[in-house]
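Residue numbers for the sequence shown follow numbering that gives the first Met the number 0, beginning at 0 and rising by one.
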Amino acid sequence: MIYYGKQTIDDDDAKAIVRALKSDLLTTGPKTKKFEVELAKRLGFRYMIAVSSGTAALHLSSMVLLNKNDKVITTPNSFLATANSIIYQQAKPVFIDICENGLLDLDLVEQRLKKGDIKALYAVTFSGLPFEDKKLRYLKEKYKIKILIDNAHYFGKDGGICDIATFSFHPVKHITTFEGGAIGINDKFIYEKLLQLRNHGIYKDDSMYPWGYEMRELGYNYRLSDVASAMGLSQLSKVDNFLAKRGDIAQYYHENLKKVAPLYKYDKNSSYHLFVARYPFETLDEKAKFFIKMREKGVALQHHYIPINSQPFYKDMGFIYNKKSFPQMHRYYLEAFSLPIYPTLSTDEQDFVIKQIEDIASI
Ligand SMILES: Cc1ncc(COP(=O)(O)O)c(C=O)c1O
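Written as structure tokens, this is what we have:
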């Protein structure tokens, strides 16, 4: 079966893990620190904090950005964790429709910002496509909002506009630490607060007893282990190659898919975590039949994402999702599907995927 995503692990990763296993410290230690320093350099942040998942990164970020009842604009087209992290803080997600390219529609965002009651924008670089810096900067400055970018799909520098960026190192992402994530920030005060929250809200310094520590606020154990960080360092040393491979695969789909349309024009700035295509299915049942036929041929397509605000939990909270309020998301959900893309996908496998798609889409 060819899946939509898969980790790329080689002997160097395995050796790095074995070396870490044989060292004195398995929990957060020097390798985590090194991983954070290297990540910060690579992704263009002054500080980086490695954590146990992308969800943990979002949760801690929400703890420093949001208060109870704050309103936060976000997208229905993401993994649940983006919006859930707003709810963890008892703040309120405000869902806005997406554009043709699957990302939040920033013009609609601006219309909503005009009401003047929004604290923050949680935007997702969906599929790996970064936002236009100019537009984000304009929104941030004009409407005095905080910006969090959920970069679980994007692995690159942004224009330094966001207050916080979060990353995920789940196996299908650009690099993996099994489970894992990171928070990128430029503000020293927020950095120190996040470090404390990652470790139960504990503060220590040299003026204390040798065993001393103070719990100053309620935090969590969201630490990343040294073993996972050793894996992260090994993966990071290969990330440019991984990204180049993803770009090549995306380009090949663009050149060879005829009956289904890529979600957006080939874009060299996209990290291509996902390669999404569209076909004008009229119903979800029709789309499901296509998925089943593809699976019978050995290709496991995926759909990213079911609209978050259509989930029972969100409906129960009073959120409304329908075609009229979210016309783009509605059409996207009917039409979009994610094709296999990962660094070790061979051209033969890609040709096979393309042939099955073209054959089935023609029926
Ligand atoms: C857009 C987005 N945000 C957040 C997450 C959560 O990351 P993790 O699985 O590392 O907790 C994911 C992971 O699938 C994601 O795709």
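All residues carry an ideal CB built from backbone N, CA and C; glycine is no exception.
Computed from a predicted structure; not experimentally measured.
If you keep only unbroken alpha helix (DSSP H) runs of at least 4 residues inside the stretch 152-213, you get 187-197.
The count of Cβ pairs closer than 8 Å, one atom from the stretch 231-249 and one from the stretch 5-13, reaches three, so the stretches are in contact. Here the stretch 208-218 makes no contact with the stretch 22-42; the two share fewer than three CB pairs at distances below 8 Å. The closest heavy atom of ligand 1 lies less than 7 Å from the beta carbon of Ala80.
Beta-bridge partners assigned by DSSP to Met316: none are found. Cβ contact annotation for Asp12 (same chain, cutoff 7 Å, sequence separation greater than five): Met230, Ser233 and Gln234, in chain order. Per the C-alpha coordinates, the member of Pro92, Asp358 and Gln327 positioned closest to Asn66 is Pro92.
As the crow flies, the alpha-carbon of Ile248 is around 8 Å from that of Tyr341. One alpha carbon belongs to Val275, the other to Ser337, and they sit about 4 Å apart.
Residue pairing by DSSP places Arg277 opposite Ala260 and Ala335 in a beta bridge. Of the residues assessed, Lys267 falls on the exposed side of the cut-off, its CB having fewer than 16 other CB atoms within 10 angstroms.
In this structure, Glu131 has its CB at a distance of at least 7 Å from all heavy atoms of ligand 1. Straight-line measurement puts the Cα of Ser77 at about 10 Å from the Cα of His152.
Using a 10 angstroms sphere on the CB of Lys172, the tally of other CB atoms reaches 16 or more, which defines it as buried. The alpha carbon of Phe290 has as its nearest neighbour, out of Tyr265, Glu334 and Gln250, the alpha carbon of Glu334. Taking C-beta atoms under 8 Å as the contact rule, Val123 and Asp149 qualify, at a distance of about 4 Å. Judged by their CB atoms, Ile163 and Leu64 are nearer to each other than the 8 Å cut-off. Its Cα nearest to that of Ala49, the residue Leu193 stands out among Ile16, Ile85, Leu193 and Asp157.
From the listed residues Cys161, Phe168, Lys118 and Val259, the smallest Cα separation to His272 is found for Phe168.
For the pair Ser269 and Leu120, the CB atoms are not nearer than the 8 Å cut-off.
Pairing Asp225 with Gly28 gives a Cβ-Cβ distance under 8 Å.
The secondary-structure analysis by DSSP pairs Tyr46 across a beta bridge with Ile184. For Phe241, no pairing in a beta bridge is given by DSSP. For the options Lys323, Phe325 and Asn308, the alpha carbon positioned closest to that of Gly317 is the one of Asn308. In this structure, Gly200 keeps its C-beta atom at 8 Å or more from the C-beta atom of Gly183.
Not one heavy atom of ligand 1 lies closer than 7 Å to the C-beta of Asp157.
Between the stretch 339-359 and the stretch 295-314, the count of Cβ pairs shorter than 8 Å is three or higher; the stretches touch.
Under the three-state reduction of DSSP, Gln301 is assigned to strand. Closer than 7 Å to some heavy atom of ligand 1: that describes the Cβ of Leu57. By DSSP's assignment, Pro92 forms a beta bridge with Val71.
C-alpha of Tyr190 to C-alpha of Tyr332: approximately 37 Å in a straight line.
Not one heavy atom of ligand 1 is found less than 7 Å from the C-beta of Thr74.
When the Cα atoms are used, Phe125 and Tyr208 turn out to be separated by approximately 48 Å. The Cβ-Cβ distance between Phe325 and Asp96 falls below 8 Å. In summary, Ala243 is exposed, with fewer than 16 beta-carbon neighbours lying within 10 Å of its beta-carbon over all protein chains present.
Contact annotation, Asp104 with Gln327: C-beta distance approximately 7 Å; criterion of less than 8 Å satisfied.
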